[in-house]
Amino acid sequence: MRILLVEDDNRVADALAGALRRNGYEVRRAANAADALAAPAVDLVLLDLGLPDRDGIEVCRELRARGGVPVIAVTARGGEPDRVRGLRSGADDYVVKPFGTAELLARIEAVLRRSMSQRAHEDRLVTVGGLEIDLGRRAVTLDGQPVPLTRKEFDVLAVLVRADGAAVPRDRIVVEVWQTTYDGMSRTLDVHVATLRGKLGRAGSVVRTVRGFGYRLATADGMAPDTVPAPPPAPDTAPDARAQSNPDGPIPASPPTAADT
170 MRILLVEDDN RVADALAGAL RRNGYEVRRA ANAADALAAP AVDLVLLDLG LPDRDGIEVC
230 RELRARGGVP VIAVTARGGE PDRVRGLRSG ADDYVVKPFG TAELLARIEA VLRRSMSQRA
290 HEDRLVTVGG LEIDLGRRAV TLDGQPVPLT RKEFDVLAVL VRADGAAVPR DRIVVEVWQT
350 TYDGMSRTLD VHVATLRGKL GRAGSVVRTV RGFGYRLATA DGMAPDTVPA PPPAPDTAPD
410 ARAQSNPDGP IPASPPTAAD T
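Count along the sequence shown from 1, then add 169; that gives the number in the working numbering.
Here it is in structure tokens:
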């Protein structure tokens, strides 16, 4: 598994990279936002939010917009507003310095498992009555007839499909589809959902409103949709941190930067 480590503090980066390599990961290093955004494809990004050339929150949004690579924010910003902002920017997890190596490895494993599970969903065909949603081909049919959706309309529907019938918060849909946390996008989401329901015709009612929370996808009887799973993904080769000895001490916090204050 390839991990991009985005960290400007050499002391912290060396400690992290060493621990990751000892646990079987291939590590690539970027010391600033420009290098991070120019790096080759990886399986996961460890992103320091206090970068010297750009706010890490913006970098996180751009990384997720480019292809959905999982991101773990690794930062000295430990306040609740900072955590909320980081997670809403698209980070899959948020770790505050200083932290233990074993904890970080366990979080990496958990995020990689979720990422692999989501990729297994990408090619599946979902059926709800006469409605068929093909995530791999980005195609929707109703009673065998194609339903023309815009890119964003399909993206909204895909977010609900991947939730397997669970309710999805409005802000999460906005982040995943538009890569922004701007509150004004809530009305835009409502408009897209209304248009989507109209295009789905008699099947439009499967997009359910969860009042005060968000939306979910359901069948007429309220159950989750039937799915045809894709072939199982290759076995997760990420090492199990719990099975390994842990000679590493806690990863230190880097000195505060202007971006952290």
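A virtual CB, placed ideally from N, CA and C, is assigned to each residue, including glycine.
| query | result |
| --- | --- |
| Pro404, DSSP secondary structure in three states | Here Pro404 scores only 47 on pLDDT, less than 50, and its place in the model should not be relied on; the value that follows carries that caveat. DSSP places Pro404 in coil when its eight states are reduced to three. |
| 8 Å contact criterion, which Val243 and Lys266 should meet: CB distance rounded | 7 Å |
| Residue from Leu206, Gly298, Arg320 with nearest C-alpha to Leu304 | Arg320 |
| Three or more C-beta pairs below 8 Å linking the stretch 343 to 362 and the stretch 253 to 262 | yes |
| Residue range of the unbroken beta strand (DSSP E) whose run includes Asp222 | Neither: Asp222 is in no beta strand (DSSP E) and is coded neither H nor E. |
| Through-space distance from Val330 to Ala202, alpha-carbon basis | 33 Å |
| Contact belief for Ala284 with Pro250 at Cβ below 8 Å, rounded distance in angstroms | Looking at the sequence provided, one finds Ser at residue 284 rather than Ala. Ser284 to Pro250, Cβ: 27 Å. No contact. |
| Cβ pair Arg171, Asp212 closer than 8 Å | yes |
| The stretch 171 to 187 in contact with the stretch 217 to 225 per 3-pair CB rule at 8 Å | yes |
| Whole-number beta carbon distance between Arg380 and Ala336, since they are thought to touch under 8 Å | Not really, about 10 Å apart at Cβ, beyond 8 Å. |
| Span of the alpha helix (DSSP H), counted from its first residue to its last, around Thr123 | Coverage of the chain is limited to positions 170 through 430, which leaves residue 123 absent and any answer about it impossible. |
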